[in-house]
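Quick notes on the structure that follows.
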Amino acid sequence: MQSPSPDNQSPAAVVLAAGLSSRMGKFKPLLLLGGQSVLARVVGLLRQGGAAPVLVVLGHRAAELEPVVRSLGAVPVINPDYEQGMFSSLRTGLAALPPDCPAFFLLPVDIPLVRTHTLTRLRAAWEQGLGPVLHPTFQGQWGHPPLIAAELAPAIMAYDGTGGLRGFWESRPELAREVPVADRFVLRDQDHPQDYEELTAALDGYQIPDQDECLALLEEVLELGPELVAHCRLVGRMAQALARAAQTKGAALNPRLALAGGLLHDVAKGQPDHPAAGAALLREMGFATVAPLAARHADIELTPGAPLSEAELVHLADKLVKDERRVSLSRRFGITQERKGRTPEARAAIQRRWDLARRIAERVEAVLGESLEACLSREGLGREDEAT
1 MQSPSPDNQS PAAVVLAAGL SSRMGKFKPL LLLGGQSVLA RVVGLLRQGG
51 AAPVLVVLGH RAAELEPVVR SLGAVPVINP DYEQGMFSSL RTGLAALPPD
101 CPAFFLLPVD IPLVRTHTLT RLRAAWEQGL GPVLHPTFQG QWGHPPLIAA
151 ELAPAIMAYD GTGGLRGFWE SRPELAREVP VADRFVLRDQ DHPQDYEELT
201 AALDGYQIPD QDECLALLEE VLELGPELVA HCRLVGRMAQ ALARAAQTKG
251 AALNPRLALA GGLLHDVAKG QPDHPAAGAA LLREMGFATV APLAARHADI
301 ELTPGAPLSE AELVHLADKL VKDERRVSLS RRFGITQERK GRTPEARAAI
351 QRRWDLARRI AERVEAVLGE SLEACLSREG LGREDEAT
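Here it is in structure tokens:
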């Protein structure tokens with residue numbers, strides 16, 4: 001089968017919400033997650049991702065859910081045979097797709113925290129004609145929702161259901177294309193109460209990608225070079241170590257945010273005004289909490305009397321790493337003066353940034369009650385050059 005031709009039609013979406021929720025012990029579509037139902041979150045995600053219409057396949061407690069689905073701007077589709085299993089609900093949903101539908105997302109209702117940028121990335125790959133079935137992948141594993149050519153619906157509906165939809169994919173391996181995403185939630189469902197508790201906890205800091213998501217973004221989505229990724233890894237480790245140490249002294253800092261900021265500070269390296277470009281990219285991806293750290297890593301304005309911030313730690317850590325090596329501030333800025341200080345104006349600008357980094361280092365040391373080097377050396381992050 002040929003890849004689909006790009007067009008401007010929006011994909012539809014099929015949400016599977018007909019099950020009994022027997023393993024959960026509570027009715028999954030109506031569980032609250034971040035102040036709204038799981039069903040509302042899933043429908044909202046798909047609509048925000050540009051899917052239209054959103055079809056929600058109902059079975060168990062369908063009469064109760066049908067008005068809820070309509071209130072969300074989605075279309076209820078009833079599967080009278082829902083007790084026969086999920087594949088019967090899939091057939092019901094596919095049979096209800098509009099005739100002019102070019103493609104559809106497929107998402108079980110119990111996978112509610114997929115990031116919007118995952119859908120955006122899948123749509124971009126579709127519009128490029130990458131393939132008839134696009135699977136989002138995280139750390140090499142297929143996740144949800146796949147984006148599937150509507151022309152495959154008859155073949156899927158005719159399949160005997162052995163092994164579910166995965167069985168169909170295994171019978172037609174030539175169809176699948178993989179789209180790496182920086183989204184751990186494509187793999188996270190909620191079948192059991194513990195899963196629900198973990199996803200509820202994950203909402204706190206949802207806008208901060210974890211380390212694996214950061215590395216997936218750098219290495220698989222953006223495909224940045226290994227030298228730059230190594231630099232970002234070291235900056236992230238240092239910012240996180242400083243945040244943890246300062247936190248033990250009472251500073252209100254988030255080590256996870258410091259790590260993400262360090263890992264992603266150079267996410268747009270090579271672009272004009274890469275700090276601003278990186279911040280814009282992160283906001284677009286839904287990582288708004290991290291965006292200011294990328295924006296301020298090259299230059300930062302200190303507010304008198306303000307507490308130490310994660311942005312300062314990322315800024316300082318970046319100045320303590322040259323390429324992939326841990327260096328002192330004097331070594332880092334000495335090299336910069338040699339290479340770029342060709343005019344009085346350039347030398348003055350470099351000196352200003354050097355002075356700024358020293359001021360931040362002093363602020364960190366005041367919180368830690370020890371030298372920067374003592375703290376970092378204890379974390380295995382001692383410098384590789386001569387003492388400052």
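Heads up: the sequence shown begins at 1 in UniProt numbering, then just goes up one per residue. Glycine included, C-beta positions come from ideal geometry on N, C-alpha and C.
Inset, instruction - Look at GLY131 and ARG166 and say whether their C-beta atoms are less than 8 Å apart. - result: For the purposes of this step, residue 131 is taken as the residue at position 131 of the sequence shown. For the purposes of this step, residue 166 is taken as the residue at position 166 of the sequence shown. No, these two residues do not count as a Cβ contact at 8 Å.
Inset, instruction - Work out the CA separation of GLU220 and PRO245 for me, nearest whole Å. - result: What you label residue 245 is simply residue 245 of the sequence shown in a count that begins at 1. What you label residue 220 is simply residue 220 of the sequence shown in a count that begins at 1. First, the residue type needs correcting, since residue 245 is Ala and not Pro in the sequence shown. So the alpha carbons of these two residues sit roughly 31 Å apart.
Inset, instruction - Tell me, please, which residues DSSP counts as bridged to GLN36. - result: Translated into the one-based positions of the sequence shown, residue 36 becomes position 36. Looking at the DSSP assignment, GLN36 forms a beta bridge with LEU33.
Inset, instruction - Can you give me the start and stop residues for the beta strand (DSSP E) that LEU137 sits inside? - result: To locate residue 137, count along the sequence shown from 1; it is residue 137. Per the sequence shown, the amino acid found at residue 137 is Thr instead of Leu. Residues 133-138.
Inset, instruction - Express the C-alpha separation of ARG115 and ASN254 in angstroms, rounding to a whole number. - result: As a working mapping, residue 254 is identified with position 254 in the sequence shown. As a working mapping, residue 115 is identified with position 115 in the sequence shown. Their backbone Cα atoms lie some 22 Å apart in a straight line.
Inset, instruction - Look up LYS322 in the DSSP assignment and give the residues it is bridged to. - result: Taking the first residue of the sequence shown as 1, we reach residue 322 at position 322. Its beta-bridge partners are ARG325.
Legend entry - Inter-residue spacing [alpha-carbon to alpha-carbon] between ARG383 and GLY334: Looking up residue 383 in the sequence shown gives position 383. Looking up residue 334 in the sequence shown gives position 334. So the two alpha carbons sit approximately 15 Å from each other.
Legend entry - Cβ pair count under 8 Å reaching 3, the segment 88-104 against the segment 144-158: yes
Inset, instruction - Run through the segment 20-104 for me and flag every whole alpha helix (DSSP H) of 4 or more residues, listed as ranges in chain order. - result: 38-48, 62-71, 86-95
Inset, instruction - Taking all protein chains shown into account, decide if HIS231 is buried (16 or more other Cβ within 10 angstroms of its Cβ) or exposed. - result: Within the sequence shown, numbered from 1, the residue matching residue 231 stands at position 231. By the neighbour-count rule (16 or more Cβ atoms within 10 Å), HIS231 is buried.
Legend entry - Pair within 8 Å by beta-carbon distance, ALA239 and PRO307: Taking the sequence shown and counting its residues from 1, one reaches residue 239 at position 239. Taking the sequence shown and counting its residues from 1, one reaches residue 307 at position 307. Their beta carbons are not under 8 Å apart, which means ALA239 does not touch PRO307 by this criterion.
Inset, instruction - Report the three-state DSSP secondary structure of LEU234 (helix, strand or coil). - result: Working through the sequence shown from its first residue, we reach residue 234 at position 234. Helix, per DSSP.
Legend entry - Proximal residues to ALA361 (C-beta, below 8 Å), its chain only, five neighbours per side dropped: Within the sequence shown, the letter at position 361 stands for residue 361. Taken in chain order, the residues that qualify are LEU316, LEU329, LEU372.
Inset, instruction - Measure the Cβ-Cβ separation of SER22 and LEU30 and say whether it is below 8 Å. - result: Counting from 1 along the sequence shown, the entry for residue 22 is found at position 22. Counting from 1 along the sequence shown, the entry for residue 30 is found at position 30. No; because the gap between Cβ atoms is not below 8 Å, this pair is not in contact.
Legend entry - Rounded straight-line distance, which links the Cα of PRO154 to that of ASP160: The residue you call residue 160 lines up with position 160 of the sequence shown. The residue you call residue 154 lines up with position 154 of the sequence shown. Taking the straight line joining both Cα atoms gives about 12 Å.
Legend entry - Helix, strand or coil at PRO344 [DSSP, three-state]: Locating residue 344 in the sequence shown gives position 344, counting from the first residue. Residue state, collapsed to three classes: helix.
Legend entry - Cβ-based neighbour list, LEU187, same chain, cut-off 7 Å, excluding 5 preceding and 5 following: As a position in the sequence shown, residue 187 is number 187, starting the count at 1. Taken in chain order, the residues that qualify are PHE138, GLN141, GLY143.
Legend entry - LEU147, DSSP secondary structure in three states: Stepping through the sequence shown from its first residue, residue 147 is reached at position 147. LEU147: strand per DSSP, three-state reduction.
Legend entry - Beta-carbon contacts of LEU145 that lie in its chain and below 6 Å, excluding the five residues immediately before and after: Within the sequence shown, numbered from 1, the residue matching residue 145 stands at position 145. Here residue 145 turns out to be Pro, not Leu, going by the sequence shown. PHE105, LEU106, LEU107, listed in sequence order.
Inset, instruction - Tell me whether GLU178 sits in a helix, a strand or coil according to DSSP, three-state version. - result: The residue labelled residue 178 in the question sits at position 178 within the sequence shown. Note: GLU178 maps to strand in three-state DSSP.
Inset, instruction - Report yes if the C-beta distance between LEU45 and ALA17 is below 8 Å; otherwise report no. - result: Residue numbering aside, residue 45 sits at position 45 when the sequence shown is read from its first letter. Residue numbering aside, residue 17 sits at position 17 when the sequence shown is read from its first letter. It is not a contact, given that the beta carbons lie outside the stated cut-off.
Legend entry - Cβ-Cβ distance between PRO125 and VAL181 below 8 Å: In the sequence shown, counting from the first residue as 1, residue 125 sits at position 125. In the sequence shown, counting from the first residue as 1, residue 181 sits at position 181. Checking the sequence shown, residue 125 turns out to be Ala, not Pro. Not closer than 8 Å, so no.
Inset, instruction - Just mark ASP183 as buried or exposed, buried being the case when its beta carbon has 16 or more other beta carbons within 10 Å. - result: By one-based count along the sequence shown, residue 183 stands at place 183. By the neighbour-count rule (16 or more Cβ atoms within 10 Å), ASP183 is buried.
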